[in-house]
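Numbering-wise (the UniProt record's numbering), the sequence shown opens with residue 1 and increments by one.
For glycine and all other residues, C-beta sits at the position ideal for the given N, C-alpha and C.
Every value quoted in this text rests on a predicted model; they were computed, and no experiment measured them.
Before any comments, here is the structure.
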Amino acid sequence: MKTETAPEASAAPPAAEPRPPTRALPVWANPRLGLLIVIAVLVALFSSLTPAFLDPRLTLAPLQADISVYAVVGLAQLAVLSLGHMNMAVGRMAALSTFAMGLAYDRLGVPLLVGLLVGLAVGAGIGALAGLLIAKTGVNSFVVTLALDFGLLGLVTILYTWATGGVSFAVQPSGLSALRFDTFADYCMGEVCGPRIPLVVPIAVAAALGVGLLFRRARLGREILMTGSNPVAAELSGIPTHRRVVAAHALSGLLAALAGFLLAANNGAFSATIGESFLLPSFLAPVLGGTLLAGGAVSVLGTALGATLTQVIYKGLNLLQFSLEELKLYIGLVLLAALSLDRLRAVLAERRAVSPS
């Protein structure tokens with residue numbers, strides 16, 4: 001999906017002096033192309049340093065599963081970044097939603113899909129509540145969601161202590177093990193096998209396609225982008241901006257719940273620790289991919305590539321036996337360099353675009 005930007009909502013400006021001639025941005029200025037090149041270089045580097053990086057079963061399959069989780073996490077943050085907002089509670093929303101799933105599986109014995117729908121409803125409800133508080137009070141989204149994060153942290157701890165003694169649900173609903181261990185290559189017909197792609201990957205792909213179509217084709221998505229680009233102009237154009245804020249945050253909560261489910265499937269357990277590592281990757285993936293922090297523009301494909309980059313770095317350094325502290329240090333440095341180079345590329349492209357022919 002290409003970067004989506006809000007259409008103009010204001011009237012045509014008065015006549016002004018002619019602008020300098022502009023030129024189309026060069027291909028190298030596309031942040032998604034830059035991410036793709038960096039990913040390819042890192043894959044070549046890590047595979048040369050440790051051949052185990054290309055092992056389909058031990059490395060590539062788990063890597064794809066991790067990318068699926070963090071791509072959906074990035075989409076959860078992208079949903080509110082489209083407004084210029086932040087969701088600091090994305091991890092706790094995932095934790096509470098997966099608690100609801102685990103409780104439904106453990107106490108009610110519901111099928112895998114039904115429990116997932118319960119968790120998605122809980123996540124969307126929490127997100128909608130955050131959006132409603134932001135829309136009605138006018139308080140900054142950072143403050144509201146940060147307060148919500150602290151509140152949900154205590155609530156999740158209390159609920160898990162009550163339901164499981166503070167550990168995790170021991171229940172394994174039918175189908176969860178297949179999502180955790182199986183790939184398409186495990187379902188063969190004679191000599192013909194599918195690719196070694198984990199079963200959780202299509203779920204993440206479907207989520208990305210749905211979000212991309214929402215912002216590209218649906219009126220709701222376009223109005224969310226217009227609200228993020230210029231709230232006053234959107235309001236004057238007849239867009240119910242408060243309801244769009246609620247919708248964007250509800251979508252963020254729903255996607256956070258889906259990411260929590262995917263992580264629970266990868267781990268094989270619904271535990272209170274789900275979502276603890278979501279906050280930083282939730283910002284890195286969309287921002288690296290070209291989504292604007294100021295709102296009004298999103299990139300679903302860029303978010304997927306950003307999540308891929310972060311997980312390739314993590315997996316490669318992990319295989320090279322870096323310690324946990326070293327992993328955090330080098331991942332931070334590499335990502336900071338990537339963000340800096342991306343910004344430099346954007347500035348150079350803007351200068352080139354407005355320069356005289």
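- One Cα belongs to G166, the other to L320, and the distance between them is close to 34 Å.
- Between G253 and G91, the gap from beta carbon to beta carbon reaches 7 Å or more.
- Contact between the segment 45-60 and the segment 262-279 is absent, with fewer than three C-beta pairs closer than 8 Å.
- Under the DSSP assignment, N318 falls in the alpha helix (DSSP H) whose first and last residues are 300-319.
- Bounds of the alpha helix (DSSP H) holding E223 are 219-229.
- The shortest CA-to-CA distance from A104 to any of M93, A89, A121, M88 is the one to A121.
- Under DSSP, T273 shares a beta bridge with no residue.
- G109 and S271 have their alpha carbons spaced roughly 17 Å apart.
- Using a C-beta cut-off of 8 Å, the segment 308-323 makes no contact with the segment 80-96, since fewer than three inter-stretch Cβ pairs fall below that distance.
- Counting C-beta pairs closer than 8 Å gives fewer than three between the segment 62-72 and the segment 224-237, which falls short of the contact rule.
- Two segments are said to touch when three or more pairs of C-beta atoms, one from each, lie closer than 8 Å; by this definition the segment 218-228 does not touch the segment 274-282.
- For the segment 138-214, the continuous alpha helix (DSSP H) assignments of 4+ residues that do not extend past its boundaries occur at 141-164, 176-181, in sequence order.
- Per DSSP, A285 has no beta-bridge partner at all.
- Around T291, the same chain offers L78, L81, V298, S299 as residues with beta carbons nearer than 6 Å, after the five sequence neighbours per side are excluded.
- L35 has its alpha-carbon roughly 19 Å from the corresponding atom of L209.
- Within the same chain, L305, T308, L309, V312 come within 8 Å of I39 by CB-CB distance, once the 5 residues on both sides are set aside.
- Assigned with DSSP and collapsed to three states, A89 falls in coil, not helix or strand.
- The beta carbon of G127 sits closer than 6 Å to the beta carbons of H249, A250, S252, G253 from its chain, once the five residues preceding and following it are set aside; these are given in chain order.
- In this structure, F99 lies near L159, with their beta-carbon atoms less than 7 Å apart.
- Within 10 angstroms of the beta-carbon of Y187 lie fewer than 16 other beta-carbons, which makes it exposed.
- The beta-carbon distance between V245 and I331, rounded to whole angstroms, is 33 Å. This is too long to meet the 8 Å contact definition.
- Rounded to whole angstroms, the Cβ separation of V171 and D66 is 24 Å, and the two are not in contact under 8 Å.
- When rounded, the separation of the alpha-carbon atoms in A285 and A269 is 25 Å.
- Counting only runs of at least 4 residues, the segment 25-69 fully encloses the following alpha helix (DSSP H) elements, listed from N- to C-terminal order: 31-49.
- Beyond the five residues adjoining it in sequence on each side, T137 comes within less than 8 Å, by CB distance, of V144 in the same chain, given in chain order.
- Excluding five sequence positions before and after G296, the CB atoms of its chain that fall closer than 8 Å to its own CB belong to T5, A6, S82, G84, L225, M226, G228, S229, N230, given in chain order.
- Check the Cα spacing between L301 and each of F215, T241, E276, A337: the tightest is with F215.
- Remark: C-beta atoms of P195 and F184 approach each other more closely than 7 Å.
- Taken atom to atom, the span from the alpha-carbon of P240 to that of E326 is near 48 Å.
- Collapsing the DSSP output to three states places V118 in a helix.
- Boundaries for S323: no alpha helix (DSSP H) harbours it, and the DSSP string shows neither H nor E there.
- About 6 Å separates the CB atoms of N266 and V69; that is less than 8 Å, so the two are in contact.
- With respect to the 7 Å criterion, V200 and L179 are classified as neighbours on the basis of their beta carbons.
- Taking the CA atoms as reference points, L213 sits about 15 Å from L255.
- Distance between F150 and G102, taken at the CA atoms: about 22 Å.
- In the displayed model, T291 falls within coil according to three-state DSSP, outside both helix and strand.
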